[in-house]
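S.K.: Pasting in a structure now, in structure tokens, and then I'll have a few things to ask.
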Amino acid sequence: MNGAESLVHTLVAGGVNVCFTNPGTSEMHFVAALDRVPGIRCVLGLFEGVVTGAADGYYRIAGKPAATLLHLGPGLGNGLANLHNAKKARSGIVNIVGEHATYHVKYEAPLTSDIEGIARPMSDWVRKARSSTTLSADAAAAISVARELPGRIATLILPADTAWGPAETVVPTPAPARRRSVSGAAVTAAAQALSRGGPSACLLLGDAGTHGRALELAGRIAAKTGCVISGEFNSSRVERGAGRVQLTRVPYVIEMATKMFEQTSDLVLAGAKAPVAFFAYPNKPSLMAPSSCRVTQLAEVEEDIEAALEAVASELGALNTPPARVAQAARTALPGGAITPEGIGAVLGALLPENAIVVDESVTSGRGFGSPTATAPPHDWLSIMGGSIGFGFPCATGAAIAAPNRKTILLEGDGSGMYTVQALWTMARNSLDVTMLVFANRTYQILRGELASVGAGEPGKNANDMLTIGRPDLDWVALAKGHGVEAGRATTLEELAREFKRGIASSGPYLIEVVL
Ligand SMILES: Cc1ncc(C[n+]2csc(CCOP(=O)(O)OP(=O)(O)O)c2C)c(N)n1
Ligand SMILES: [Mg+2]
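Numbering of the sequence shown is given in the working numbering, commencing with residue -15 and proceeding in unit increments.
So, in structure tokens, the structure goes:
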């Protein structure tokens, strides 16, 4: 057994069964070992941002880390933006980054770089393997970091000689530790605050608070106390749709968000942070809740959010109270006519398949999709957590790998989509069941609003050129087909409904250029 084989054995034994890869020379022994050791699926991405974003999407659905394989500092560097998004999403990932053989580094060959320096800001844990005999132990340590709850980014740097040198043992990965419990004082304080009821008391949920039993408990607490229950503007995974407790989403636009919290005098946080604006704007507040609002941290994101909500519900006598705000099944009517964001929302509400995974990088087009889909059949909603665009295509790729029997629906801005469009090829190669709506408004529409919001004045010619992405218009049907993905174009809502049905009926990837 060589070091690389011991590494792959360690990954498989540690429950890491998927590796998103983009390899180079220094990783060739690892690549070869992937065939000699059974139990790991390899998925090639044609750009490292696809690889890291796919690992994020995979974690959110599979609930366990994938590995990535990246080529030295530059390969890792290409993947950093989506690693940033994954870190903010608390997605666990084991990055394996190739490096020159230990004795070769001193010669400053072209690809030599400070890999640890590149890795550190977007990793929670970084280690460079020292020898082939200890590589398995390093890998087990990396996996256990990634499998902590919430997940963390572990980056293991793999000098080529630690991969090709001899190895003897495969070190097992210890089971992840349970989340830390919250204090009794935090539970009592939260129960007291919430018992003041809505609209003055608000329970804001994040991370593990937005699905499963935690969400249901929030509904019971709301039924008992009348408090408002809400989710952050972006959540790593929210369970939504018919039969589920509905959360009020904190809006992106600061004026709307401050309005939402206008009457809040008690904000209780469970796995969420006190809501802040995405950016600072001259003469606008950074924090969305009024300064007079009391903030009670029930559970930090690292703590046991579900158990904390259970304890609050128990303290309030709400454990058997039927949950409030449960969505009743209802479909929107299929609309017709010109394509508008409202019309697209209605098409989604009418046709969203049961148990779908919705990946949302729709930016301005999707701001109103929440309400028409709230009563659609149950589904998961995954949003971009780090604000670094280029997340959508890769995340949908990873989610679809994690759940081959579910329909993945991607809602994608045309500007954001272009950052990591190569993921289309990975979807085609793996016949992934993803239906994609690309909102072709030919602009960075959000930045028009931002230009006004920061008070930068009217856009001149240069500014306009930086906010529009037409001239030439991107041909999304041709882009999809060029990557091996079937595609169609919708210029009316009737065409959109027809195309969406076609995408859902297909078991492979299908892209719809939605001309706005
Ligand atoms: C990595 C990165 N680069 C640049 C930005 C700035 N930015 C935010 S949104 C956006 C454009 C989004 O355009 P599109 O996806 O077409 O959505 P639209 O605004 O048209 O709805 C840009 C460039 C960013 N957030 N992340
Ligand atoms: Mg756009």
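Ideal placement from N, C-alpha and C gives every residue a C-beta, glycine not left out.
1) Looking only at its own chain, which residues have a Cβ that is under 6 Å from the Cβ of Ile141, when we skip the five neighbours before and after it?
2) Measuring only between beta-carbons, confirm whether Pro337 sits less than 8 Å from chain B.
3) Which runs of the beta strand (DSSP E) at least 3 residues long sit entirely within the stretch 115 to 156? Give them in chain order.
4) For Ala254 versus Gly193, is the C-beta spacing smaller than 8 Å?
5) Using C-beta distances below 6 Å, list every residue in its chain close to Ala407, excluding the 5 sequence neighbours before and after it, in chain order.
6) Can you give, in chain order, each stretch of the beta strand (DSSP E) that sits fully within the stretch 241 to 272 and has at least 3 residues?
7) State the DSSP-derived secondary structure class of Ile496, mapped to helix, strand or coil.
8) To the nearest angstrom, how far is the alpha carbon of Leu300 from that of Met240?
9) Per DSSP, Gly196 forms a beta bridge with which residues?
10) Span of the alpha helix (DSSP H) holding Gly376?
11) May I have the straight-line CA-CA distance separating Asn304 from Arg204, to the nearest angstrom?
12) Look at the alpha carbon of Ala440 and the alpha carbon of Arg432, and state the distance between them as a whole number of angstroms.
13) Tell me whether Phe377, by its Cβ, gets closer than 7 Å to a heavy atom of ligand 2.
14) Just curious, the beta strand (DSSP E) that Ala(-12) is in, first and last residue?
15) Confirm the yes/no value for this check: CB of Gly168, any heavy atom of ligand 1, distance under 7 Å.
16) Per the contact definition of three or more C-beta pairs closer than 8 Å, is the stretch 226 to 244 in contact with the stretch 397 to 412?
17) Going by the C-beta, is Leu431 closer than 7 Å to any heavy atom of ligand 1?
18) How many angstroms separate the CA atom of Val0 from the CA atom of Ser400?
19) Which same chain residues end up closer than 6 Å to Thr248 when comparing Cβ atoms and leaving out the 5 residues on each side of it in sequence?
20) Does the stretch 50 to 57 come close enough to the stretch 3 to 13 to have 3 or more Cβ pairs within less than 8 Å?
21) Helix, strand or coil: how does DSSP classify Ala474 here?
22) Please find out if some non-hydrogen atom of ligand 1 comes closer than 7 Å to the beta-carbon of Ile373.
23) Give the range of the alpha helix (DSSP H) segment to which Asp40 is assigned.
24) On a Cα-Cα basis, can you pick out the residue from Gly29, Gly196 and Glu(-11) that is closest to Ala121?
25) Please classify Phe263 as buried or exposed, where buried requires at least 16 neighbouring CB atoms within 10 angstroms.
26) For my contact list, Ala384 and Val418 are in at a C-beta cut-off of 8 Å; report their separation, rounded to the angstrom.
27) Note down, one range per segment and in chain order, each beta strand (DSSP E) of at least 3 residues found wholly within the stretch 269 to 351.
28) Apart from the five residues on each side of it in sequence, which residues of its chain come closer than 7 Å, Cβ to Cβ, to Thr427?
29) Check whether the stretch 442 to 451 touches the stretch 476 to 495, taking contact to mean three or more Cβ pairs, one atom from each stretch, closer than 8 Å.
30) Closer than 7 Å to a non-hydrogen atom of ligand 2 - does that hold for the CB of Phe423?
31) Could you check if Arg197 is buried or exposed, using at least 16 other CB atoms within 10 Å of its CB as the buried criterion?
32) Among Ser349, Ser437 and Gly225, which has the Cα closest to the Cα of Leu394?
33) In whole angstroms, give me the CA-to-CA distance for His(-7) and Lys48.
34) Just to confirm, does Gly454 get its C-beta within under 7 Å of one of the non-hydrogen atoms of ligand 2?
35) Please identify the residue among Phe4, Asn425 and Thr209 whose C-alpha is closest to the C-alpha of Asp250.
36) Just checking, does the stretch 35 to 45 make contact with the stretch 65 to 74 on the three C-beta pairs under 8 Å criterion?
M.R.: Looking at the coordinates:
1) Val81, Glu83, Ile99 and Lys112
2) Going by chain labels, chain B is absent from the structure shown, which holds only one protein chain.
3) 137 to 143
4) yes
5) Val34, Phe377, Pro378 and Thr381
6) 250 to 254
7) strand
8) 31 Å
9) The partner list for Gly196 (beta bridge, DSSP) is empty, contrary to what the question assumes.
10) Gly376 to Ala386
11) 8 Å
12) 10 Å
13) no
14) Not the beta strand (DSSP E): Ala(-12) falls in the alpha helix (DSSP H), residues Gly(-13) to Ala(-3).
15) no
16) no
17) yes
18) 29 Å
19) Cys186, Ala273 and Cys277
20) yes
21) strand
22) yes
23) Glu32 to Ala46
24) Glu(-11)
25) exposed
26) 5 Å
27) 278 to 283 and 340 to 345
28) Leu451, Thr452 and Ile453
29) no
30) yes
31) exposed
32) Ser349
33) 17 Å
34) no
35) Thr209
36) yes
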